[in-house]
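*Asks:* Numbering (the numbering used here), first residue to last: 491 to 678. Here a beta-carbon is modelled for each residue, glycine too, at the ideal position from N, C-alpha and C. The structure presented is a predicted model; accordingly, all values stated were derived computationally and were not measured. Here's a structure for you.
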């Protein structure tokens with residue numbers, strides 16, 4: 491286990507073991523303090539630790555990481571009590587009416603105070619919000635070399651905007667998720 495510095499960000503962190511991938515990441519300790527790397531035989535980099543840390547540090551009830559898979563976004567990690575379906579099986583259509591999809595398609599953060607009230611702008615996400623009883627949503631694209639490859643989303647049960655600090659922190663988590671997804675791709 492890595493030991494955090496007494497204060498301030500870590501310039502570079504390396505996670506290395508016999509058959510693990512190496513992660514080179516500049517950023518605050520909180521982003522990767524819970525990240526673990528499994529062996530190639532044991533499966534993929536455990537993205538759920540990034541999702542869990544994002545939910546906890548951004549004070550949301552839920553976090554999900556989505557990866558582009560053809561014309562849809564496939565769920566690759568989830569943390570929280572709001573249902574998101576089965577990891578690897580649940581998928582969202584890649585359309586602008588879905589907040590996570592729009593974040594990916596437009597390569598920008600989407601922040602909505604009350605998704606239940608946004609049936610014109612986000613018809614699919616608004617319907618899901620009403621069915622699953624969540625309100626506030628924050629989605630950031632997962633960018634690799636200037637191209638969006640997915641999205642990370644946070645959801646809250648109440649109507650409460652995320653702070654500027656939480657928005658910036660989510661982008662840091664998005665960057666960390668891209669590193670993890672790339673490591674899985676490179677070592678499969």
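Are residue 630 and residue 585 closer than 8 Å when you measure CB to CB?
*Replies:* Not closer than 8 Å, so no.
*Asks:* In whole angstroms, give me the CA-to-CA distance for residue 541 and residue 587.
*Replies:* Near 23 Å, if we compare the C-alpha coordinates of residue 587 and residue 541.
*Asks:* I'd like to know whether the C-beta atoms of residue 552 and residue 577 end up nearer to each other than 8 Å.
*Replies:* Contact: no.
*Asks:* Is it true that the CB of residue 593 sits closer than 8 Å to the CB of residue 626?
*Replies:* No, they are not a contact pair.
*Asks:* Taking the alpha-carbon positions, what's the residue 606 to residue 671 distance?
*Replies:* If you take the alpha carbons of residue 606 and residue 671, they lie about 31 Å apart.
*Asks:* So, with DSSP's three-state summary, where would you put residue 622?
*Replies:* Reduced to three states, the DSSP call for residue 622 is helix.
*Asks:* Alpha carbon to alpha carbon, how far is residue 561 from residue 601? Give it in angstroms, no decimals.
*Replies:* Between residue 601 and residue 561, the C-alpha separation is close to 23 Å.
*Asks:* If you follow the beta strand (DSSP E) that residue 553 is in, where does it begin and where does it stop?
*Replies:* Run containing residue 553: 552 to 559, per the beta strand (DSSP E) assignment.
*Asks:* From this set, 621, 634, 580 and 651, which residue's C-alpha is nearest residue 666's C-alpha?
*Replies:* The shortest Cα separation from residue 666 among 621, 634, 580 and 651 belongs to 634.
*Asks:* Can you tell me where the beta strand (DSSP E) holding residue 641 begins and where it ends?
*Replies:* From DSSP, the beta strand (DSSP E) with residue 641 extends over 637 to 645.
*Asks:* Assuming residue 566 and residue 557 are in contact, meaning their beta carbons sit under 8 Å apart, how far apart are those beta carbons, in whole angstroms?
*Replies:* Their Cβ separation, rounded to whole angstroms, is 5 Å, which keeps residue 566 and residue 557 in contact under 8 Å.
*Asks:* Between residue 648 and the rest of its own chain, which residues show a CB-CB distance below 8 Å, the 5 nearest in sequence each way excluded?
*Replies:* Answer for residue 648: 625 and 626, listed in chain order.
*Asks:* Given residue 650, which residues of its chain have a CB within under 6 Å of its CB, disregarding the five upstream and five downstream residues?
*Replies:* These residues qualify, in order along the chain: 626.
*Asks:* List the endpoints of the continuous alpha helix (DSSP H) containing residue 567.
*Replies:* Per DSSP, residue 567 belongs to no alpha helix (DSSP H); it is in the beta strand (DSSP E), 562 to 570.
*Asks:* State buried or exposed for residue 637, treating a residue as buried only when at least 16 other CB atoms are found within 10 Å of its CB.
*Replies:* The residue in question, residue 637, is exposed, as its Cβ has fewer than 16 Cβ neighbours within 10 Å.
*Asks:* Relative to the C-alpha of residue 646, which residue among 570, 555 and 575 is closest?
*Replies:* When only C-alpha atoms are compared, the closest one is 570.
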